[in-house]
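Going down the list, the sequences are from chains A and B.
With our numbering, letter number 166 in the first sequence gets 247, and the count goes up by one each step, no holes.
With our numbering, letter number 214 in the second sequence gets 295, and the count goes up by one each step, no holes.
2 protein chains.
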Amino acid sequence: MKCRRCRAPAVIDVRRHNAGFCADCFTRHCREQVRRAIDDHEMIAPGQRVLVAVSGGKDSLGLWHLLRALGYETDGLYVGLGIGEYSDESGDSARAFAHEHGWPLLEVDLRATYGFDVPSGARAIRRVPCSACGLSKRHVFNDAARANGYDVLATGHNLDDEAAVLLGNVLRWETGYLGRQHPVLPAAPGFVQKVKPLVRLGERELAAYCVLTGIDYIVEECPMAAGNRHLGYKELLNEIEERSPGTKAAFLFGFLERGHERFAADAVEERADLHPCPECGAPTPADVCSFCRLRARATRVIPVAAENSA
Amino acid sequence: MKCRRCRAPAVIDVRRHNAGFCADCFTRHCREQVRRAIDDHEMIAPGQRVLVAVSGGKDSLGLWHLLRALGYETDGLYVGLGIGEYSDESGDSARAFAHEHGWPLLEVDLRATYGFDVPSGARAIRRVPCSACGLSKRHVFNDAARANGYDVLATGHNLDDEAAVLLGNVLRWETGYLGRQHPVLPAAPGFVQKVKPLVRLGERELAAYCVLTGIDYIVEECPMAAGNRHLGYKELLNEIEERSPGTKAAFLFGFLERGHERFAADAVEERADLHPCPECGAPTPADVCSFCRLRARATRVIPVAAENSA
């Protein structure tokens, strides 16, 4: 197979595009896909300060590398979630990458700053860890971006992630979530703008990008996510993609072109009735925001007697 | 396990309802689901004449039996599609059932009436057989119902069928198809009303209904459908259902409650610009309707020389 662009021997084939690429043309292809996502969805305006959330994995490090390659002087944000060895290694990976390139990395440790971590938080609210983790990350990302004067927060959600989330939302016709599922969640009082510049690149493309550009990422996946619904949806979409290459992209992009706007009003409704949380100031529709409720339950001092009898 | 209603020993459990039923209560449950579908979606008005399309399989014979049990004096329609032994056996099954109950069965043979069958039609238009078959059935069902003075045509599409079609439509965001996907397609000039009274019952429930009420149906599936996309979507949904019972029903009913109306305008647009086909009189947006085009290509006399050189 030859590179679609320069006819040199290809090192990767992208079935969805029915095309092979050499290493140089492939990294250019990745940059172009990110450029196109940013332009199409007006993710970043000139002069805006961008913070990228990094976990040490292929998607977030790849994203940081790509944004820098496109000329955005993005800084990184690493949040320590306290998930045992996995968090230790993912922090090491993020720090090593930042240090190697000399790019600033902000760090927030969930336990040191808020007094709990993902495992203890999940136990406290009796929810699956991914639920406590997502809730915490959304809050801390927004908090850290605002506190440090960033306008935009970028995350490494790729095409596979977004298609799997979309499948879950569609299977339950979660109209509010469908209205909010978009590569850009615009800034609003108390919220920085959230963007997903990797929506045009699949998981396999990100892994190849990292390998070809020498990015040393943590390969291990979060051990707490194993067997969750989201991964189940990813597997199902991979089965469909195997039979009909391009289905995932058609599903996600078709939604963005022809589906999303039909649900947008449902999301606006949800955002209409927000006020600042009395504990932390973050916008919330409830008395106290869900992060502060999680924190309160996870950091409550349990009397010794009660603990023993549990 | 005991029957949810009468506490007698259960003969079937319906995981989606998290309930077991004895034979009598299960057949009552099936009737109630059909009654509810008919009422909720206003499928049949008092005094309307209903024709049910029967293939000899569990869904269509079950539907005919259920409609009669609910007091609708429904007649049957069998269309001979010319799919070898499968069609022979499915015709025998439909005829035996109609004869046993003394219910009128109309018959239309595709080859005898229109000069081609599904295999030759599919070859002529170089499409998969399911495409030529669906096109032909839609046309012949409507034609037969109108010619014989019926107001409503009922088909045996069940919850599994409809969920699989919905998945295919959603994966490609076929907005026109999504707008048309509904248990009722209302009457319009040239069209009788089409209804799907089995949308609240799954494949497994229909099979159990037939077994428990002594309906002798043809178990064999159409050999030409093997490996088609629709069956692939069914398998995927079965995998999801296995992990989370109730997903299929939530997917379909959620769409009908919260999704469908957002796409309805796209379907109306497609139906707005119809005129009678000059060949057969059926409404069509094209010069000649797609059934007549299929028929013309399938019945074209091919010169012997051309056939030999093919």
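The C-beta atom is built at its ideal place from N, Cα and C for all residues, glycine as well.
Given the structure is predicted, the values throughout are model-derived calculations rather than measurements.
- Looking at the DSSP output, Val292(B) bridges to nothing.
- Look at Leu191(A) here: in three-state DSSP terms it is helix.
- Ala331(B) reaches chain A at Leu252, Arg253 and Trp254, counting residues in chain order whose Cβ is nearer than 9 Å.
- By the CB criterion at 8 Å, Arg253(A) and Ala331(B) fall inside the cutoff.
- The C-alpha of Glu166(A) lies about 31 Å from the C-alpha of Gly230(A).
- DSSP places Lys275(A) in the strand class (E or B) of the three-state scheme.
- When DSSP states are grouped into helix, strand and coil, Thr236(A) belongs to the coil group.
- Counting the other CB atoms within 10 Å of its CB gives His356(B) a total below 16, which places it among the exposed residues.
- Fewer than three Cβ pairs drawn from the segment 195 to 214 of chain B and the segment 267 to 281 of chain B lie within less than 8 Å of each other, which leaves the two stretches out of contact.
- Excluding its 5 nearest sequence neighbours in each direction, Gly257(B) has C-beta neighbours in its own chain below 7 Å: Asp347, Ala348 and Glu351, listed in chain order.
- By a beta-carbon distance limit of 8 Å, Ala268(A) does not contact Gln262(A). Their separation comes to about 17 Å.
- Residue pairing from DSSP places Leu132(A) in a beta bridge opposite Asp156(A) and Leu234(A).
- Contact annotation: Leu187(A) and Asp198(A) have beta-carbon atoms that are not nearer than 8 Å.
- Taking all protein chains in view, the Cβ of His341(B) is crowded by 16 or more other Cβ atoms within 10 Å, so the residue is classified as buried.
- With a threshold of 16 other beta carbon atoms within 10 Å, Cys84(A) meets it and is buried.
- The beta carbon of Ser141(A) sits closer than 6 Å to the beta carbons of Val135 and Gly237 from its chain, once the five residues preceding and following it are set aside; these are given in chain order.
- Straight-line spacing of the CA atoms in Glu338(B) and Thr108(B) works out to 26 Å.
- Within the same chain, Arg281 come within 7 Å of Arg117(B) by CB-CB distance, once the 5 residues on both sides are set aside.
- From the beta-carbon of Leu240(B), no residue of chain A is found nearer than 8 Å; the closest lies around 14 Å away.
- Listed by position along chain A, the residues whose Cβ is nearer than 8 Å to that of Arg343(B) are Arg343 and Phe344.
- For Ala150(A), no beta strand (DSSP E) encloses it; the enclosing alpha helix (DSSP H) starts and ends at Lys139 to Ala150.
- Per DSSP, the unbroken alpha helix (DSSP H) holding Phe372(B) starts and ends at Ser371 to Thr380.
- Contacts with chain B at 8 Å (Cβ-Cβ) do not include Arg261(A).
- Only residues of its own chain outside the window of five on either side were considered, and among them none has a CB closer than 7 Å to the CB of Arg343(A).
- For the pair Gly143(A) and Ile296(A), the CB atoms are nearer than the 8 Å cut-off.
- Between the alpha carbons of Ala150(B) and Met82(B) lies a gap of roughly 27 Å.
- Glu320(B) reaches chain A at Gly313, Glu316, Leu317 and Glu320, counting residues in chain order whose Cβ is nearer than 9 Å.
- Residues of the segment 276 to 302 of chain B whose Cβ lies closer than 8 Å to any Cβ of chain A: none.
- For Gly101(A), there is no enclosing alpha helix (DSSP H); the enclosing beta strand (DSSP E) has its first and last residue at Ala100 to Phe102.
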